[in-house]
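Visitor: My questions will all concern the structure given below.
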Amino acid sequence: MRIHSISRLPAMCGTVAATLLATSAVVAPLNAQTRPAARPPARSGEVPAAYALIREADIKRDLYAMAGDAMRGREAGTPDEMRASIWVAEQLRSIGVKPVGDDGSYFQWFNMVRTRVSTVSSTGTLAGQPLEVWKDFVPLGASSADVSGPVVWIANPADSSVDVSGKVVATAMLAPNPASIRTTTNSPEVRYTQAAVQAMQARFARRGAAGLVLVADATGDQAFDALAILRARGTYDVDRAARRFEAQPTRAEMPVPARQAGTPAVLVRGDMAARLQQAPMLQVHIRLERFETPSTNIVGVIPGTDPVLGKEYVLFSSHQDHDGVRYVINGDSVWAGADDNGTGSVALLASARAFAKQRAKRSILFVYHGAEERGLLGSRYHAAHPVVPLASIVAVLNGEMMGRNNPDSASLLGIQPPHRNSTELVSMALRANDLTGKFRLDSIWDRPTHPEGWYFRSDHVPYARLNVPSVMYTTNLHEDYHTPRDKPERIDYPKLTRMTQWMYLTGWFVANAPKRPGIDPGFKLER
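Going by my numbering, the sequence shown opens with residue 8, and the numbers climb by one from there.
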């Protein structure tokens, strides 16, 4: 294992900001909408005048800039994420949000710790002929491995009567159970292949195989190159720097459980089946490499007006990263992430404009979390090393994918046990919905039995684990999720505006309440 170190590069922002901003500020023309723009509710004493500053035109303009092709999908740890982060910071500066990051900047830097298969040290041969990783075979594990021996071809992989214990097995990939195939993320061919190889790995691990070579079927062949691109990225974690404040809880700093090695397995193309049936000698050596890449959270605050309550914070949360430039689907390789999570990001900008115009009693902390797509890395880091004392954060309002699906339906995650950790916060959010979006709330996505486990897949979770009242505003998954089709032109802008107004008004209620929302007794997540 070789370890490479890359510095955090905070000086990059000063030296290339002008160039990056110039290339990223691309605004597409506004599309006509078939439904009227969102309108403010009937004014009452509960709705501040600044509510009117949350405008569809601003939200649309910002999203076309943030999720345009010029941002190249904003992948964490790349110059594209830095470009988007600088753009967000510049918007916050223009609104009047105060920086609270490192060295008086808007940026809280952290390193992503990346582990991936080394293309230099990983080798393979079949019958003495070299095999190239990612071109000829795709490693299916997440650990170093050595496989060496004659190949035993299993003609019928479903036949469990054949003793494969301690043997290097090659066999055809079986079609997966349709129920095991995810309905979103990546192309259908990739989803099919991921489900198939997972089931086959488990099957032959139970039977004690020393190594497994899976031969792709026709669908697996179509997915082979895309799967290689995805798996070559490896796995990610976040570094553990010294805490910024004393006496912070330690739960967010618990190590991620190590992956089990299991039976070493590789996927090969379908045309290799004939060679494998000749019982050739196979040698595969998988080696990992580890290195660090900088990412950043973007942090800013609008101070509260009350001399006492102003020392407490309502945290508005989003993430600025997405999946970058990947494999081509229908002629497009830019995974733009308009809904995921351009929508949440521009909702925070719109809310900031309103809070800057009419300040609340409590302070408003805006946190754009970096590297969410790599495993909630930015929120895990900030929850462990917050820019303000954790005890002063009274609530987290997280916006995640807020602009698609039925125009009058949405979800508030954290609304029911075991995910609800603050009944008082939920009550404020429900009241805000009554006054703004008036959405029909779909609670199915918040159930612990939901197959997508949607509650656990966004940036509120590290805070909820530390007993900070937390909810997530979302319009849920759709067929364009994590594909190049997630573009600004597919967003329902009137709906996104209503979602933003709902999130903002909840924050206004929390920021002006006499008491901070309490934590429900006995709160404990199911996992």
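All C-beta atoms, glycine included, are put in the ideal place defined by N, C-alpha and C.
Computed from a predicted model, the values in this text were never measured in an experiment.
1. How is the alpha helix (DSSP H) around Ala77 delimited, first residue to last?
2. If you draw a straight line from the alpha carbon of Ala233 to that of Gly227, how long is it in whole angstroms?
3. How is the beta strand (DSSP E) around Ile305 delimited, first residue to last?
4. From this set, Lys174, Ser150, Ala149, Val154, which residue's C-alpha is nearest Trp160's C-alpha?
5. Whole angstroms are fine: how far does the CA of Ala417 sit from the CA of Val478?
6. Given that a residue counts as buried once 16 or more other Cβ atoms are within 10 Å of its Cβ, and exposed if not, what is Ile451?
7. State the DSSP-derived secondary structure class of Trp116, mapped to helix, strand or coil.
8. Check whether the region 321–332 touches the region 343–363, counting contact only when three or more Cβ pairs, one atom from each stretch, lie closer than 8 angstroms.
9. In angstroms with no decimal places, state the Cα-to-Cα distance between Leu316 and Gly103.
10. Alpha carbon to alpha carbon, how far is Ala391 from Arg534? Give it in angstroms, no decimals.
11. What does a CB cutoff of less than 7 angstroms around Pro469 pick up in its chain, not counting 5 residues either side in sequence?
12. In whole angstroms, what is the alpha-carbon distance linking Val4 and Arg210?
13. With DSSP run on the structure shown, which of helix, strand or coil describes Gly1?
14. So what does Phe323 bridge to, in DSSP terms?
15. Is the beta carbon of Asn474 less than 8 angstroms from the beta carbon of Asn413?
16. Might you give, ordered along the chain, the residues of its own chain that have their beta carbon closer than 6 angstroms to the beta carbon of Gln229, omitting 5 neighbours on each side?
17. Buried or exposed for Arg381, going by 16 or more other Cβ atoms inside 10 Å?
18. Between the alpha carbons of Pro393 and Pro528, how many angstroms are there, rounded?
19. Have a look at Val176, Ala225, Pro55, Gly75 and flag the residue whose alpha-carbon is nearest the alpha-carbon of Glu496.
20. Please state whether DSSP places Leu181 in a helix, a strand or coil.
21. In chain order, what residues of the same chain have a beta carbon less than 8 angstroms from the beta carbon of Val80, not counting five sequence neighbours either side?
22. Contact between the region 53–70 and the region 502–509 is defined here as three or more beta-carbon pairs at a separation below 8 angstroms; is this criterion met?
23. Count the other CB atoms within 10 Å of the CB of Glu299; is the residue buried (16 or more) or exposed (fewer)?
24. Locate the beta strand (DSSP E) running through Ser1, then write down its first and last residues.
25. Could you compute how far the alpha carbon of Val220 sits from the alpha carbon of Leu404?
26. Inspect the beta-carbon positions of Arg438 and Ile498 and report whether they are closer than 8 angstroms.
27. Cutting at 8 angstroms between CB atoms, please list the residues of its own chain near Ser187, excluding the five before and the five after it.
28. Out of Ala225, Pro157, Glu296, point me to the one whose CA is closest to Ala149's CA.
29. Counting only the same chain and skipping the five closest in sequence on each side, list residues whose C-beta sits under 6 angstroms from that of His11.
30. Can you give me the start and stop residues for the alpha helix (DSSP H) that Gln229 sits inside?
31. Give me the residue from Ala165, Val335, Thr191, Val353 with the minimum Cα distance to Trp94.
32. Go ahead and pull the three-state DSSP assignment for Gly525.
33. Among residues of its own chain, excluding the 5 on either side of Leu181, which ones have a beta-carbon nearer than 6 angstroms to its beta-carbon?
34. In this structure, what does DSSP give as the bridge partners for Trp509?
35. So if DSSP puts Trp342 in a beta bridge, which residue, or which two residues, is it bridged to?
36. Would you check if the distance between the CB atom of His489 and the CB atom of Tyr462 is smaller than 8 angstroms?
Guide: Taking the geometry as given:
1. That residue, Ala77, is in no alpha helix (DSSP H); it is neither H nor E in DSSP.
2. 10 angstroms
3. 295–309
4. Lys174
5. 13 angstroms
6. exposed
7. strand
8. yes
9. 20 angstroms
10. 19 angstroms
11. Ala259, Leu383, Ser386, Arg387, Ala390
12. Because the chain here runs from 8 to 534, residue 4 falls outside it and cannot be looked at.
13. The shown model of the chain, from 8 to 534, leaves out residue 1, and the question about it has no answer.
14. Phe373, Leu404
15. no
16. Glu196
17. buried
18. 24 angstroms
19. Gly75
20. coil
21. Just to set this straight, residue 80 is Gly in the shown sequence, not Val. So the qualifying residues of the chain are Asp87, His329, Asp330, Gly331, Val332, Arg333, Val341, Trp342, Ala343, Gly344.
22. yes
23. buried
24. What the structure shows of the chain is the stretch from 8 to 534, and residue 1 is not part of that stretch, so it cannot be assessed.
25. 46 angstroms
26. no
27. Ala202, Gln205, Ala206
28. Glu296
29. In this prediction, His11 has a pLDDT of 33, which is less than 50 and means its spatial position is unreliable; what the coordinates show is noted afterwards. Taken in chain order, the residues that qualify are Phe298.
30. 225–239
31. Val353
32. coil
33. Pro164
34. Trp509 pairs with nothing; no bridge assigned.
35. Gly331
36. no
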